[in-house]
Structures are given as structure tokens and as C-alpha cells.
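Residue 214 in this note's numbering is what sits at position 157 of the sequence shown, and the numbering runs on without skipping anything. In this text, a Cβ means the ideal position worked out from N, Cα and C, and glycines have one as well.
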Amino acid sequence: MILIALFNSGFALKIFLSNSKKDEIKREKDRKIQLLKILVLDHNLKYFYDIFEKLEMKLHLLERKNLKLNTKKTIEGDISNLFIQLRRKFTDPLLAIDNSFYDRILKTLDDHQSSITNAIFNEGINLSNKEKYNEIISEEHSAVKSDILRILFSYKGD
């Protein structure tokens, strides 16, 4: 009889600890999702849209024919500054939520910036050709914007 009582007590303790651990994990997920909502979706998402719109305007300057190297450098510098603003105002606050979440979005943006820079200075790519511009710059820019939004809205706090 005592053995059964000890077994039941041990089993009840195991269930309690297991449920407590699950509740703790769920609370942590909920906290991260709430942080995402407050820090990013409520306050910083406007910067994401605003800076992506400014980037798009700067990118359209690349459609001009016969851009000189100095002009390309100026445009690329302006684009780099916009990416810095995007990181500071939108991406960096994600560190408060989750490092791997931050890293995913930062990598997406860094890859996009590298792709733009490579396209600007690659003499074999004629960005004044509308089809080439759309293929290399415009479509990728739209895809990156959508990817980041998808990453944001699919975040589950894991």
C-alpha cells in the first residue's frame, strides 16, 4: 500500500513538473510574440515600409542610361545609408525578441544589399534595360519585402 502511494506521489510530481515546464515554455513564447507585436508591428513596421519605399525610389535611378561610375557610387552610397537606417530602426529591435529571428531577417537584408551592389557595378548588366532592371532589381526587391513580412507574421516565438 505504501509502495503504491509512493509511486502515485512520484507520478504526480513528474506530471506536475512536466506541466510546469510546458507552461514555462508557453509563457516564454507568448512573451516573445507580445514583444514582436509591441516593438516591431506596432511601432517599427512603419519604418520598414517607409525605407523600402525610399529604396525603391533610389533603385529607379539605376534605370538611367549611361550612368557614370561616380553617379553609381553616389546611388550605391545612398542605398547603403538606407540599409543602415533600416537596420537601426527596424531590424536591431528584433534582437530583444530572438537572436535567430534577428539573424534571419538581417541575412535576408544583407544578401539583398549585396545583390544590389553587385548589379550596380557589374559592367555586364545593363540596368537601363527595363527587362533586366525588373529581373535583377525590381522583382528581387519585391520578393525580399514579401519574404521579410512572411518571416515576421509566421513567427511563433520558437
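Secondary structure at Ser171: helix, using DSSP grouped into helix, strand and coil.
For Lys122 and Ile141, the gap between their C-alpha atoms comes out near 27 Å. Leu166 places its beta carbon less than 8 Å from that of Leu143. DSSP places His100 outside both helix and strand once states are collapsed to three, so it counts as coil. Here the stretch 186-204 does not lie against the stretch 129-136, with fewer than 3 beta-carbon pairs under 8 Å apart. Cβ-Cβ distances below 6 Å link Asn183 to Lys189 in the same chain, with the five nearest sequence neighbours on each side left out; the list follows chain order. In this structure, the straight-line span from the alpha carbon of Lys111 to that of His117 is close to 10 Å.
For the pair Val97 and Leu151, the CB atoms are nearer than the 8 Å cut-off.
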